[in-house]
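Q: First the structure, then my questions, so here it is.
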DNA sequence: CTCCAGGCGCCTT
DNA sequence: AAGGCGCATGGA
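In the working numbering, the protein residues as written are 151 to 458.
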C-alpha cells in the first residue's frame, strides 16, 4: 500500500508541502487539456482548486506545493493531483498494441486529475468547437467576472474561484456572451439553473453505475456523449469513461482501422468501449496527448521549413 | 479569403 | 438510425 511512503513531508501545517511521486509529469498534465486554468509562471504552475490558491513545482523530492495560507490538511490537493494512483498499475492494464506503446512512450508521466464536477461540467460545455487556448480565455473571463476572490499572493496568476452554479444561474445570457462563449451561453445558463433547482443533483451522480451517471449528465443542454464522458472521467473518476472527440476519432481511425473506407463513428465508439480495458479513460488521455503533441510538433516543423 | 477548433441540437431522409 | 447543417468566435 502506498500509504506512508506518499505522505506529504516537511511542515504539513505550514504553507508548503512536498508530495513524493514517481512517473508524474506535472507540467504536461496540468497543460494537457483536462483543466483550463493553470498558468505557468517562472518555473512553477499556479492555479485555484476550490477556494484555495496554490503554486506547484516539480523537484527531485517530489511535487512541491505552496498555498496562500497555512494548511492543516492537504487532502484537497492530494485528491486533485491523484497522488495515490500508482500509474504503473494503470499502464499495465492497457492493450499491448503498437499505438498504445507509442502513446505511453511519448507521454511518460501523464496523469488524470480529479476536478470538481461543476467546474468540470461548466468548462467542458464551453469547450465545444473551441481550441484549448480559447477555452482557457473564456474560463478566465468567467472566473474573473463572477468568481469569488481567493487569498493569493500579489502578482499571482489565477486569483478567483470558479463561479458557483448559483452565481452563473443569476447571470443574464448577455453577461455570459460577453465572456466570448457565443452560442454556448444559453447551454451554460440553463445547466446552472437546472442544478440550482435540483432537477439534476451532481452529488447523486457519484454513486451511480457508469451508464446511469452518463444518462443524468446527458439531461443538461449542451452536453452530449463526448462532454458527458469528459465530466465522468475528469470530474468523477469513472475510469472507463472514454471521451471521443475529433482527435481521438482520427487517432482510432488511423491507428486501428487503417485504409478502411466505411468505418462509422458508431463502430469506432463500440471499439473504444471494448478495446481499452478497465482504465480506458487513462488510455484515451494518453492517445489524445500523443496525437496532439505530434500535431503540434508537425506544425512547428512546417513553420520552420517555410521560414527558410 | 477559407478552413477548422477536446460538439451539440435539430432537421432532414 | 444516420447524415447534414448552423451555431459564435478566433486562429492558422
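Every residue gets a Cβ at the ideal spot worked out from N, C-alpha and C, and that includes glycine. Here the structure is a predicted model, which means the values were calculated and not measured.
With a threshold of 16 other CB atoms inside 10 Å of the CB of residue 339, please say whether the residue is buried or exposed.
A: buried
Q: Could you please give me the residues that DSSP links to residue 205 through a beta bridge?
A: 196, 216
Q: How many whole angstroms separate the CB atoms of residue 398 and residue 368, which I take to be in contact at a CB cut-off of 8 Å?
A: Not really, about 19 Å apart at Cβ, beyond 8 Å.
Q: Report yes if the C-beta distance between residue 370 and residue 331 is below 8 Å; otherwise report no.
A: no
Q: Cα separation between residue 346 and residue 322?
A: 15 Å
Q: Quick check on DSSP: helix, strand or coil for residue 171?
A: coil
Q: Go ahead and label residue 261 buried or exposed: buried means 16 or more other beta carbons lie within 10 angstroms of its beta carbon, across all protein chains shown.
A: buried
Q: Grab the span of the beta strand (DSSP E) containing residue 190 for me, first residue to last.
A: 189-191
Q: Inspect the beta-carbon positions of residue 334 and residue 275 and report whether they are closer than 8 Å.
A: yes
Q: Residue 435 to residue 320, Cα distance in whole Å?
A: Each residue's Cα considered, the two are about 34 Å apart.
Q: Which value, in whole angstroms, describes the spacing of the CA atoms of residue 462 and residue 167?
A: Residue 462 lies beyond the range of the chain shown here (151 to 458); nothing can be said about it.
Q: Can you check DSSP and say which residues form a bridge with residue 166?
A: 216
Q: Going by DSSP, what residue range makes up the alpha helix (DSSP H) through residue 178?
A: Here the alpha helix (DSSP H) through residue 178 covers 176-180.
Q: Hey, residue 183 and residue 282: beta-carbon distance below 8 Å or not?
A: yes
Q: Just how far apart, CA to CA, sit residue 417 and residue 296?
A: 42 Å
Q: Roughly how many angstroms separate the alpha carbons of residue 152 and residue 389, rounded to a whole number?
A: Residue placement at residue 152 cannot be trusted, given a pLDDT of 42 that sits under 50; what the coordinates show is reported in the next sentence. Here the C-alpha atom of residue 152 lies approximately 20 Å from the C-alpha atom of residue 389.
Q: With H, G and I counted as helix, E and B as strand and the rest as coil, what does DSSP make of residue 412?
A: coil
Q: Looking at residue 423: is its Cβ nearer than 8 Å to the Cβ of residue 392?
A: yes
Q: Taking the alpha helix (DSSP H) that residue 379 falls in, what are its first and last residues?
A: For residue 379, the enclosing alpha helix (DSSP H) has its first and last residue at 375-380.
Q: In whole angstroms, give me the CA-to-CA distance for residue 382 and residue 433.
A: 15 Å
Q: Quick check: the stretch 302-311 against the stretch 193-209, are there 3 or more CB pairs under 8 Å?
A: The count of Cβ pairs closer than 8 Å, one atom from the stretch 302-311 and one from the stretch 193-209, reaches three, so the stretches are in contact.
Q: Would you check if the distance between the CB atom of residue 355 and the CB atom of residue 342 is smaller than 8 Å?
A: no
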